[in-house]
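Read the structure below first, then the notes.
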Amino acid sequence: MSDLALHITELAKRYPTGVEALRGVSLQVEPGELFGLLGPNGAGKSTLIHCTTGLAQPTAGSIRVFGHDAIDHYADARQAVGLAPQEPNLDWFLTVAETLDYHAGYFGMPKRERRERTDELLETFSLTEKRDERTRTLSGGMKRRLILARAMMHRPRLLILDEPTAGVDVELRLELWHYVQKINQEGTTILLTTHYLEEAEQLCDRIAFIAEGRIVAEGTSAEVAARFDVSSLEDAYLALVGRKELSRSHVEVVP
Amino acid sequence: MSAAQIRFATLWRREVNRFMKIKKQTIGAPLLETFLYISVFGAALGSRIDKLHGIDYVVFVIPGLIMMAWSINAFTNNSSSILQQKFQGAIQDQLSSPASPLELLLAFSLGGFMRGLIVALLTFTAASFLVDLPVDHVLVLIPSLFLVGFFFSQLGVLIGVRAEQFDDVAFAQTFVLQPLIFLGGVFYSASLLPEPFQTLTHFNPIFYMINLVRYGFVGFSEVSIALSLLALTAATAALFAVNLRLFGDGYKLRA
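Protein sequences appear in the order of chains A and B.
Position one of the first sequence corresponds to residue 0 (numbering that gives the first Met the number 0), numbered consecutively onward.
Position one of the second sequence corresponds to residue 0 (numbering that gives the first Met the number 0), numbered consecutively onward.
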């Protein structure tokens, strides 16, 4: 079991307000997988991610990352995880290059390696010309690129992407997906949340649907669709949220 | 350097880098403010005030001003830095790293400590050019100043963590901290006050801090040095323990 990239068992999270965001979630992600976690807003996706990365404290259950406990003795688990959060959370006081350098420093990377890795990722994400600019001056698309570069900076074995393409233009979205596929092929395990179902269907090896804090379906996109007696992931999603009438198969073609 | 040392150095560097990037505001402005206090209360008014307990008025005032500079800057820096990072969400980058609560707390604390130290050192240097400022008890002065700096650094962290809006920080500074400092005897001797104000002053913890620092410089104190040092050490340790508990619990930092 310790070979799993992510092993979540009976994870529960109740906020002080009384909201139960996670109700006994169990999930297993194999090393090298590109795993999609899908569900409507408020289903518990971000809470699950926050529990895995230490930004939220679970009420019950366990999380292991490559065999390391991610809750109580979390140092090795966090070292293995890179997070690109849904909301841009860049430090306004830092420049683009400093953002990457400081992040790697928080993960204990030596100075020389930080410098080389910074140059490499700035080049990869077309940010070299912006390296000395403060992060608050960047466009939305550049901020997204920088957030992904930052998540990659310490060479995580498990990369968590929480809606990485929300609000970005088509060109950048495709660019980001290409990069995600590339690093996945190079061996990085990826846990992805997105509202772009077609892309999730194309990109992800396996998918889990989460609703009201519970995993309600899991498997390949075909298996998840079959679980809802439909033929596509989109229809399965519509069945999940109780909006089957919106299915494209119901749309009449106007002659 | 080990990974843990790199991590801590980076966390601390980020805090120092923040205030050095806006040094006109964080170093220049408080330095000017202290210089104006020395000019007005020391040189202008001081020339018309007789000696206090056998000490020139300007020399009597300067130790309190140095303590005030260190304490306010340590407090302001840490409370603002933490609250700003919470607002931006940038603090997630540190919180999701392998850093322990102790490493995070120390790094946040030492940022303000350093800023206070720089302003206090510059104030001392400038004051030394203006007046003949003695240092009578260096073995009391140095630990006293360091304890005062660390106490207010901790207080700044506590307020920053608890605060949900900038008003909370401003309230603590304007309506609690500054009155306590001003009424703690920076500009006067408590023995000159009529009752009940003289007695009330002895309930102000900052009164003891000012006396410790003043004793270190000019050898005069209105309170027991040993008892004050002991109380300050205990208060600083207690505040540190409270903060460490809050960081361990993730209070208002993690969901």
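Beta carbons are placed, not taken as given, at the ideal position from N, Cα and C, and that holds for glycine.
For B:D248, the first and last residue of its enclosing alpha helix (DSSP H): From DSSP, the alpha helix (DSSP H) with B:D248 extends over I224 to D248.
C-alpha gap between A:L16 and B:A254, whole angstroms: Note on identity: in this sequence residue 16 of chain A is Thr, with Leu being the wrong assignment. Using only the alpha carbons, I get a separation of about 11 Å.
Proximal chain A residues relative to B:S96, where beta-carbon distance stays under 7 Å: Residues of chain A with a Cβ closer than 7 Å to the Cβ of B:S96 are, in chain order, R77, Y105 and F106.
Proximal residues, the stretch 82-96 of chain B versus chain A, C-beta separation under 9 Å: Cβ contacts with chain A come from Q83, Q84, Q87, G88, A89, I90, Q91, D92, Q93, L94, S95 and S96.
Per DSSP, the bridge partner or partners of B:T171: Reading off the sequence shown, one finds Ala at residue 171 of chain B, where the question assumed Thr. Answer by DSSP bridge pairing: none, since B:A171 is not bridged.
8 Å contact criterion, which B:L64 and B:I37 should meet: CB distance rounded: With 8 Å as the limit, B:L64 and B:I37 qualify as a contact, their Cβ atoms being about 6 Å apart.
Exposed unless 16 or more other CB atoms sit within 10 angstroms - verdict on A:T51: Buried, because 16 or more other Cβ atoms sit within 10 Å of the Cβ of A:T51.
Beta-carbon neighbours of A:E86, restricted to chain B and to distances below 7 Å: Result: G88.
9 Å Cβ cutoff met for B:W69 and B:G41: No, the pair does not count as a contact, with Cβ atoms beyond the cut-off.
Rounded straight-line distance, which links the Cα of B:R12 to that of B:Y250: C-alpha separation (whole angstroms): 24 Å.
Straight-line gap, A:V95 to A:D131 (C-alpha atoms, nearest Å): The alpha-carbon atoms of A:V95 and A:D131 are separated by roughly 6 Å.
Partners in chain B for A:Q56, counting only beta-carbon separations shorter than 7 Å: Those within 7 Å of A:Q56 in chain B are G249 and R253.
Proximal chain A residues relative to B:R114, where beta-carbon distance stays under 9 Å: Result: empty, since nearest Cβ-Cβ is about 14 Å, beyond 9 Å.
Short CB-CB distance (under 9 Å) between A:T46 and chain B: Closer than 9 Å: yes.
Interface partners of B:K23 on chain A, CB under 7 Å: Ordered by position in chain A, no residue passes the 7 Å Cβ test against B:K23, which lies about 14 Å from the chain.
Complete beta strand (DSSP E) runs within the stretch 157-190 of chain A (minimum length 3 residues, chain order): With a minimum length of 3 residues, the continuous beta strand (DSSP E) runs that stay inside the stretch 157-190 of chain A are 157-161.
6 Å CB neighbourhood of A:D204 in its chain, flanking five on each side removed: The beta carbon of A:D204 is closer than 6 Å to those of E32 and L33 in its chain, skipping five residues each way along the sequence.
Min CB distance A:F65 to chain B below 9 Å: Chain B, which has no Cβ nearer than 9 Å to the Cβ of A:F65, makes this no.
Same chain, Cβ closer than 8 Å to B:F186, neighbours up to 5 away in sequence not counted: Cβ-Cβ distances below 8 Å link B:F186 to F40, V60 and G63 in the same chain, with the five nearest sequence neighbours on each side left out; the list follows chain order.
Within chain B, partners of A:L191 - CB distance below 9 Å: Those do not exist, as A:L191 stays about 17 Å from chain B at its closest Cβ, beyond 9 Å.
Residue interval of the alpha helix (DSSP H) (run including B:E32): Boundaries of the alpha helix (DSSP H) around B:E32: A28 to Y36.
Same chain only: Cβ atoms within 7 Å of B:L245, ignoring 5 sequence neighbours per side: Excluding positions up to five away in sequence, the list reads V160.
Residue span of the beta strand (DSSP E) that contains A:K12, given as start and end: Start and end: L5 to R13.
Cβ-based neighbour list, A:S45, same chain, cut-off 7 Å, excluding 5 preceding and 5 following: Closer than 7 Å at the Cβ level, and outside the excluded window around A:S45, lie Q85 and D161.
Local Cβ density within 10 Å of B:P195, reported as buried at 16 or more and exposed below that: Result: exposed.
Residues that A:I206 bridges to, as DSSP identifies them: Answer by DSSP bridge pairing, in chain order: A:G35 and A:G218.
First through last residue of the beta strand (DSSP E) which encompasses A:S61: Residues A59 to V64.
Residue from A:H249, A:A238, A:L237 and A:G212 with nearest C-alpha to A:V18: Here the closest residue by C-alpha is A:G212.
Alpha carbon of B:P142 to alpha carbon of A:M141, nearest angstrom: Straight-line Cα distance between these residues: approximately 48 Å.
Contacting positions in the stretch 109-141 of chain A - beta carbon closer than 7 Å to chain B: Of all residues in the stretch 109-141 of chain A, P109 have a Cβ within less than 7 Å of some Cβ in chain B.
Through-space distance from A:F124 to B:L101, alpha-carbon basis: Cα-Cα distance, rounded: 34 Å.
Chain B within 9 Å of A:V24, Cβ atoms only: False, the Cβ-Cβ gap to chain B never drops below 9 Å.
Proximal chain B residues relative to A:H72, where beta-carbon distance stays under 8 Å: Per Cβ cutoff of 8 Å: no residues; A:H72 is ~10 Å from chain B at best.
Cβ-Cβ distance between B:T25 and B:N76 below 9 Å: Going by C-beta atoms, B:T25 is nearer than 9 Å to B:N76.
Contact list for B:R6 against chain A, beta-carbon separation under 8 Å: Ordered by position in chain A, the residues that pass the 8 Å Cβ test against B:R6 are G104, Y105, F106 and G107.
The beta strand (DSSP E) enclosing A:V24, as first and last residue numbers: Annotation: the continuous beta strand (DSSP E) that includes A:V24 extends over E19 to V28.
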